[in-house]
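Residue 22 in this note's numbering sits at position 39 of the sequence shown, with consecutive numbering throughout. First comes the structure, then the notes that go with it.
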Amino acid sequence: MQGNDVSGLGVIEVRWKGQGEMISGDYTVHYSGGELDERGVAIVVHKSVVRRVVKKIVCNDRIIALKLKAEQVDILIMQVYMPTSDYEIDEMEKCMTQLKKFFRKMTEVTTASIILGDWNSIVGDEPYQNIFGLHGLKRRNHKGQMLIDLCERNGLIVTNTWFKKPKIRLYTWKAPGDWRRHQPDYILVKHRFRNSVKNVKTLPGADIDSDDNLLVAKF
-16 MQGNDVSGLG VIEVRWKGQG EMISGDYTVH YSGGELDERG VAIVVHKSVV RRVVKKIVCN
44 DRIIALKLKA EQVDILIMQV YMPTSDYEID EMEKCMTQLK KFFRKMTEVT TASIILGDWN
104 SIVGDEPYQN IFGLHGLKRR NHKGQMLIDL CERNGLIVTN TWFKKPKIRL YTWKAPGDWR
164 RHQPDYILVK HRFRNSVKNV KTLPGADIDS DDNLLVAKF
């Protein structure tokens, strides 16, 4: 995080049991896991951000959020980890329902929401209204359509499809030993705060010991 000037980071597959906080150097890890050491999500914040954290909201081992106090409007940062293709579509629909309820409960009109997610879906390279831009990858799949529904119902946009970048700055994941590149990770914000997003890109060279590329947004 320090080397890439990142003050807040969403993490998936933490694989820690229960919920809690852990301090590591200049960073605080807020995590939420289940009864087993699988899945799990976390939000890591730099010490410069810690004093702004007024509330941690835990849903389950796929959804966690932090509420931050800011000068003009409060900020809600969420980390989401949707089921992979190993799960039936029913599991995805169940998680989407949980997320919609959680989002409606936690957000207010004046709250700037930032949803970091491994959605395990593809929104595709065709723009859709004011939700998706021109800079997605592949063809939209069923899970991508479910993401559209979430955005439409909650006034959200998919930020990393609105910035023109080389494809190496668009893809967020590649399977081990596979030449194909995918874009299952997206950062969502409310449409009314769209102009606060200055840039979104991946950092393929970041040393994060993962098949995923670091997806970074500048506000």
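For every residue, glycine included, the Cβ atom is placed at its ideal position computed from N, Cα and C. Here the structure is a predicted model, which is why all the values come from computation and not from measurement.
Which residues mark the beginning and the end of the beta strand (DSSP E) in which residue 26 is found?
As a working mapping, residue 26 is identified with position 43 in the sequence shown. Element bounds for residue 26: 24 to 29.
Please determine, among 170, 155, 8, 13, the residue with the shortest C-alpha to C-alpha distance to residue 1.
Within the sequence shown, the letter at position 18 stands for residue 1. Residue 1 has its Cα closest to that of 13, out of 170, 155, 8, 13.
At which residues does the beta strand (DSSP E) containing residue 204 begin and terminate?
In this structure the chain extends from -16 to 202, so residue 204 is not present and cannot be described.
Which term fits residue 144, buried or exposed, when burial requires 16 or more other beta carbons within 10 angstroms of its beta carbon?
Taking the sequence shown and counting its residues from 1, the one referred to as residue 144 is at position 161. The residue in question, residue 144, is buried, as its Cβ has 16 or more Cβ neighbours within 10 Å.
Within this structure, are the beta carbons of residue 46 and residue 19 separated by less than 8 Å?
As a position in the sequence shown, residue 46 is number 63, starting the count at 1. As a position in the sequence shown, residue 19 is number 36, starting the count at 1. No. Outside cutoff.
Touch test, the stretch 19 to 28 against the stretch 57 to 76, Cβ-Cβ under 8 Å, three pairs minimum:
yes
Put residue 137 into one of helix, strand or coil per three-state DSSP.
As a working mapping, residue 137 is identified with position 154 in the sequence shown. Note: residue 137 maps to helix in three-state DSSP.
Sequence-distant residues of its chain with Cβ nearer than 8 Å to residue 31 (five each side left out)
In the sequence shown, the residue the question calls residue 31 occupies position 48. Within the same chain, residue 31 has close Cβ partners -10.
Cβ contact check for the stretch 132 to 147 and the stretch 103 to 123: 3 or more pairs under 8 Å
yes
Inter-residue spacing [alpha-carbon to alpha-carbon] between residue 176 and residue 95
Residue mapping note: residue 176 aligns to position 193 of the sequence shown, counting from 1. Residue mapping note: residue 95 aligns to position 112 of the sequence shown, counting from 1. Rounded to the nearest angstrom, the two C-alpha atoms are 7 Å apart.
What is the rounded straight-line gap between the Cα of residue 9 and the Cα of residue 60?
Here residue 9 is taken as the residue at index 26 of the sequence shown, counted from 1. Here residue 60 is taken as the residue at index 77 of the sequence shown, counted from 1. Going from the Cα of residue 9 to the Cα of residue 60 covers about 19 Å.
Distance between beta carbons of residue 121 and residue 108, contact taken as under 8 Å:
In the sequence shown, the residue the question calls residue 108 occupies position 125. In the sequence shown, the residue the question calls residue 121 occupies position 138. So it is a contact: roughly 7 Å between Cβ atoms.
Could you please give the first and the last residue of the uninterrupted beta strand (DSSP E) stretch that includes residue 49?
Stepping through the sequence shown from its first residue, residue 49 is reached at position 66. First-last of the beta strand (DSSP E) with residue 49: 46 to 51.
Candidates 50, 170, 79, of which the one nearest residue 36 by Cα
Taking the sequence shown and counting its residues from 1, the one referred to as residue 36 is at position 53. Selected option, being the one with the closest Cα: 50.
Could you work out which residue in 163, 78, -16, 54 is closest to residue 101 when comparing CA atoms only?
Here residue 101 refers to the residue found at position 118 when the sequence shown is read from its first residue. The option with the nearest alpha carbon to residue 101 is 78.
Can you tell me whether DSSP reads residue 125 as helix, strand or coil?
Within the sequence shown, the letter at position 142 stands for residue 125. Helix at residue 125.
Assuming residue 167 contacts residue 104 under a Cβ cut-off of 8 Å, what Cβ separation, rounded to an integer in Å, is found between them?
As a first step, residue 167 is located in the sequence shown; it is residue number 184 there, counting from the start. As a first step, residue 104 is located in the sequence shown; it is residue number 121 there, counting from the start. About 6 Å separates the two Cβ atoms, so the contact holds.
Distance between beta carbons of residue 139 and residue 99, contact taken as under 8 Å:
Against the sequence shown, residue 99 aligns to sequence position 116. Against the sequence shown, residue 139 aligns to sequence position 156. Actually they are not in contact, since the Cβ atoms of residue 99 and residue 139 sit about 12 Å apart, beyond 8 Å.
For residue 54, the residue or residues it bridges with in DSSP:
To locate residue 54, count along the sequence shown from 1; it is residue 71. In DSSP, residue 54 forms no bridge with anything.
CA-CA distance, residue 142 and residue 131?
Here residue 142 is taken as the residue at index 159 of the sequence shown, counted from 1. Here residue 131 is taken as the residue at index 148 of the sequence shown, counted from 1. Looking at the two C-alpha atoms, the distance is approximately 13 Å.
Would you call the CB atoms of residue 181 and residue 202 closer than 8 Å?
Here residue 181 refers to the residue found at position 198 of the sequence shown. Here residue 202 refers to the residue found at position 219 of the sequence shown. Yes, these two residues count as a Cβ contact at 8 Å.
Which of helix, strand or coil does DSSP assign to residue 99?
To locate residue 99, count along the sequence shown from 1; it is residue 116. Strand.
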